[in-house]
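These notes are about the structure you will find just below.
Take a look at the structure:
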């Protein structure tokens, strides 16, 4: 990385986060790259989260940690409230969950790639995670996705967890144009879709730089356990992702001329994948060349389209 002192805003959302928040903040303070500040949006915590935040604010200083009251409309809109906070002006922006532990090179590793992308092109860094339990014991890794990131993939799948994502100011400006009035289910999936739809660059890092804590209630998030994978395929076949994606597509279309021609063609034709005619559905699937990252995922996608669950 060239010697440049880029500033990074770490966008962290909390809700009843007192149990693990200190470990995450400690890991941020140990980053090898030090030009960062943390912006926390608390969604109405009823435990001692605010007290934890205030103690770190006192230790770090007023210029390192900032707090706002979240919209209390779910975690995705909470993250996007930080994206839309015009008081936050940095070169790059990193989503952060409240209960992970960052490895010391997380920010530095991302900047090595981000610094190679021209500043007028949307850029998104994401990657794999190291899975840990409540006691920080390593229990595995998230799946390795090897197919190239693209909007043809983003339309049906998110490859990067929000807790791994760091993006540039151009990508942030695009996200700020999004109309969220119809609701957003997944801010990280939306981020992947927006960057790829607008001709941006995405780098998926095979080397994890984050320890992703697994709980019984977030087993779906890891996408590594066999139950999580089966659950995702089940949700695809039940049409759950259809509703989520429909919400994202409505939002993305507000970007208008920012969307590149290839991506707009996919958006314009995706409704044909829900046609009454199975012949038209299969024809459009072949023409659009949309894909998921794994064989099982692609088989599930084909079945979902045949069954009109997409």
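Numbering (this note's numbering), first residue to last: 481 to 790.
For each residue, glycine too, the CB sits at the ideal point set by N, CA and C.
- Here residue 694 is buried. Its C-beta has 16 or more other C-beta atoms within 10 Å.
- Partner residues in the beta bridge of residue 548, as assigned by DSSP, are 521.
- In this structure, residue 570 and residue 689 do not form a Cβ contact; the two beta carbons are roughly 19 Å apart against a cut-off of 8 Å.
- Here residue 559 really is in contact with residue 642; their C-beta atoms are around 7 Å apart, less than 8 Å.
- For residue 693, the enclosing beta strand (DSSP E) covers residues 690 to 693.
- 730 is the residue among 730, 674, 630, 614 whose C-alpha sits nearest the C-alpha of residue 660.
- Listed in chain order, the non-local C-beta contacts of residue 507 below 6 Å within the same chain comprise 581, 582, local neighbours out to five positions each way being set aside.
- Per DSSP, reduced to three states, the secondary structure at residue 790 is coil, with no helix or strand assignment.
- Bridge pairing for residue 599: absent [DSSP].
- In the structure shown, residue 648 adopts extended strand secondary structure according to DSSP, grouped into three states.
- Rounded to the nearest angstrom, the Cβ distance from residue 620 to residue 687 is 15 Å, too far for a contact under 8 Å.
- The C-alpha of residue 535 is placed about 32 Å away from the C-alpha of residue 665.
- Residue 635 is positioned such that its CB atom lies closer than 8 Å to that of residue 770.
- Taking the C-beta atoms as reference points, residue 637 is found nearer than 8 Å to residue 772.
- 605 is the residue among 611, 605, 616, 748 whose C-alpha sits nearest the C-alpha of residue 629.
- With 16 or more other Cβ atoms inside 10 Å of its own Cβ, residue 648 counts as buried.
- Apart from the 5 residues on each side of it in sequence, residue 601 sits with its Cβ closer than 7 Å to the Cβ of 650, 680, 681 in its chain, given in chain order.
- Annotated three-state conformation of residue 675 is helix, per DSSP.
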